[in-house]
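Visitor: Below is a structure I'd like to ask you about.
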Amino acid sequence: MICPKCGVENPAGNRFCDECGTKLTAPAPAKKEIKKSHPAVSAPAPATLTPAAALPWAGDLNAGAAAWLAKWFTLENLVWALIILAGVWLRFYALGDKPLHHDESLHAFYSWNYFKGNGYAYDPMMHGPLQFHGNALMYFLFGASNYTARILAASCSVFSIILIYGLRPFLGRAGAMFAGVMMLLSPSFTYFGRFTREDMYFATFTLLMVFGMFHYLRTRLPRYLYYVGIGMALAFSTKEAIYIIGYIFFFALVFRWLWEKGANQAGENQVTETLDGFRADPKTLYMALAIFGAIMVLLYTSLFSNPRGILDAFTKSWSYWLGQHEVQRG
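Residue numbering for the sequence shown follows our numbering, beginning at -17 and increasing consecutively.
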């Protein structure tokens, strides 16, 4: 479906343009022409078939490739590619040169213990299990070193820039590019993007939740709600601060729903329509919850080696950090 505003081709089921957010209207079906019969004529002499003639679908394939190139090979996307490549360089160059910070040493050491087969059990003092599973996987793939201990954080930092690119329909082209450059050059994001601790993981997975939620409210495509489930499970498996972030998301949606029911004059009812859709057909919601639960169980039970870990996720996380208020750490 072609956007009447920016000319970008969108999937047939889209209600809004993926590029600029303009509302799309399905074209009326074309009327079939009735062909008149013609008298039979003698067959022409055999001709050499070109590749396009030999393969009837080749013309459609070429047209599809041309449309794909026109959509993705633009000046804007070229600039974004340069931003992302610069992000890769800033995050991965000389990544292992700096000695490990105290917190990094804890995460790297216990990840190494897990990698060596000595097991892992969730300890809220070092936050969630994701980084220990992720770092152990990096050691398995690339060996154990200061560099590989930071690969997961650097990868998440680059992925966060890519997520900003995906928020262009909501931030606008200029706004998204500005945000991407700021995230690329931010001293804080660059530092924690080269730091094996929970900070960068948590920021990235929270951004994944935002990406999925905004797109799902706009399009109702199931995959975006699955992204919300994945982002929430990974954030929950990263740091206990997910309770705070979860409350922020929840009350933002509640206030938006109240606005739609009251002061809304623009006819925008994304939250109301989404809730109505869940009531009519809850399969997508159930699948997103199943994805969330599967990731939580997998990580908090340490790949099923510590079944009690899933209970600790909801008990130790509260008891330990509430107790730290009396300690006055910091």
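Built from N, CA and C at the ideal position, the CB exists for glycine as well. This structure is a prediction, so every number in the text was calculated from the model and none was measured.
Which term fits L64, buried or exposed, when burial requires 16 or more other beta carbons within 10 angstroms of its beta carbon?
Guide: With fewer than 16 other Cβ atoms within 10 Å, it is exposed.
Visitor: Measure the beta-carbon distance from R179 to R73 and round it to whole angstroms, keeping in mind my assumption that it falls under 8 Å.
Guide: Between R73 and R179 the Cβ distance is about 14 Å, and since that is not below 8 Å, they are no contact.
Visitor: Below 6 Å CB to CB, which residues in the same chain sit around P106 once its five sequence neighbours on both sides are set aside?
Guide: Cβ within range, chain order: K298, S299, Y302.
Visitor: Confirm, please, whether the CB-CB distance from A217 to I224 is below 9 Å.
Guide: A contact, by the Cβ cut-off of 9 Å.
Visitor: Report the option in P204, I146, M159 whose CA atom is closest to the CA atom of T188.
Guide: Closest option to T188, Cα to Cα, is I146.
Visitor: Could you tell me which residues DSSP pairs with I(-16) in its beta bridges?
Guide: DSSP, once it has assigned bridges, lists E(-9) as partnering I(-16).
Visitor: Let me check understanding here. Comparing Cα to Cα, which of E308, V309, R290 lies closest to Y102?
Guide: Cα-wise, what sits closest to Y102 is R290.
Visitor: DSSP three-state call for Y243: helix, strand or coil?
Guide: First, the residue type needs correcting, since residue 243 is Lys and not Tyr in the sequence shown. In this structure, K243 counts as helix in the three-state DSSP scheme.
Visitor: For E287, which of P111, I143, W241 has the nearest alpha-carbon?
Guide: Checking the sequence shown, residue 287 turns out to be Ser, not Glu. Nearest of P111, I143, W241 to S287, Cα basis: P111.
Visitor: From Y268 to Q252, what does the alpha carbon distance come to, in whole angstroms?
Guide: Distance between the alpha carbons of Y268 and Q252: 19 Å.
Visitor: Just to confirm my understanding: we take V70, look at its own chain, exclude 5 residues before and 5 after, and list those with CB closer than 7 Å. What are they?
Guide: Within the same chain, V70 has close Cβ partners V140.
Visitor: Taking just the CA atoms, how far does L77 sit from K243?
Guide: Cα-Cα distance, rounded: 51 Å.
Visitor: Counting C-beta neighbours from all protein chains within 10 Å, is the total for W62 16 or more, i.e. buried, or is it exposed?
Guide: Looking at its Cβ environment, which holds 16 or more other Cβ atoms inside 10 Å, W62 is buried.
Visitor: So, under 8 Å CB-CB, Q113 and T220 are touching, yes? Tell me the CB distance rounded to an integer number of Å.
Guide: The pair is a contact, with the Cβ atoms about 7 Å apart (cut-off 8 Å).
Visitor: Tell me the DSSP secondary structure of D286 in three-state form.
Guide: Reading off the sequence shown, one finds Phe at residue 286, where the question assumed Asp. Of the three classes helix, strand and coil, the one that applies to F286 here is coil, per DSSP.
Visitor: Could you give the C-beta distance for N117 and A90, rounded to a whole number, given that I count them as a contact under 8 Å?
Guide: Indeed, because the Cβ distance is near 7 Å, the residues count as touching under 8 Å.
Visitor: Who are D5's beta bridge partners in DSSP?
Guide: Before going on, a small fix: residue 5 reads as Lys here, not Asp. Answer is F(-2).
Visitor: Determine, using beta carbons only, whether F193 and Y206 come nearer to each other than 9 Å.
Guide: Going by C-beta atoms, F193 is nearer than 9 Å to Y206.
Visitor: Using the three-state DSSP reduction, which class does H84 fall into: helix, strand or coil?
Guide: Reduced to three states, the DSSP call for H84 is helix.
Visitor: In whole angstroms, what is the alpha-carbon distance linking S148 and F160?
Guide: The sequence shown places Gly at residue 148, rather than the Ser named in the question. Whole-angstrom Cα-Cα distance: 13 Å.
Visitor: Does the distance from the C-beta atom of F274 to that of A215 stay below 9 Å?
Guide: Yes.
Visitor: Tell me the DSSP secondary structure of T95 in three-state form.
Guide: A quick correction: the sequence has Asn, not Thr, at residue 95. Reduced to three states, the DSSP call for N95 is helix.
Visitor: Under three-state DSSP, which class holds L149?
Guide: Residue state, collapsed to three classes: coil.
Visitor: Does the separation of the CB atoms of F97 and Y121 fall below 9 Å?
Guide: Yes, the Cβ-Cβ distance between F97 and Y121 is below 9 Å.
Visitor: Give the secondary structure of F232 by DSSP, where H, G and I count as helix, E and B as strand, and everything else as coil.
Guide: Helix, per DSSP.
Visitor: If you reduce the DSSP assignment to three classes, tell me which class R179 lands in.
Guide: Coil at R179, not helix or strand.
Visitor: Whose C-alpha, out of G99, E1, A276, is nearest the C-alpha of A158?
Guide: Out of G99, E1, A276, E1 has the C-alpha closest to the C-alpha of A158.
Visitor: Measure the CB-CB distance between L190 and G162 and report whether it falls below 9 Å.
Guide: Not closer than 9 Å, so no.
Visitor: Rounded to whole angstroms, what is the Cα-Cα separation between N95 and L240?
Guide: Each residue's Cα considered, the two are about 50 Å apart.
Visitor: Looking only at its own chain, which residues have a Cβ that is under 8 Å from the Cβ of M278, when we skip the five neighbours before and after it?
Guide: Same-chain partners within the cutoff: A215, F218, S219, I292, A295.
Visitor: Run through DSSP, which three-state label would D263 get?
Guide: Residue state, collapsed to three classes: coil.
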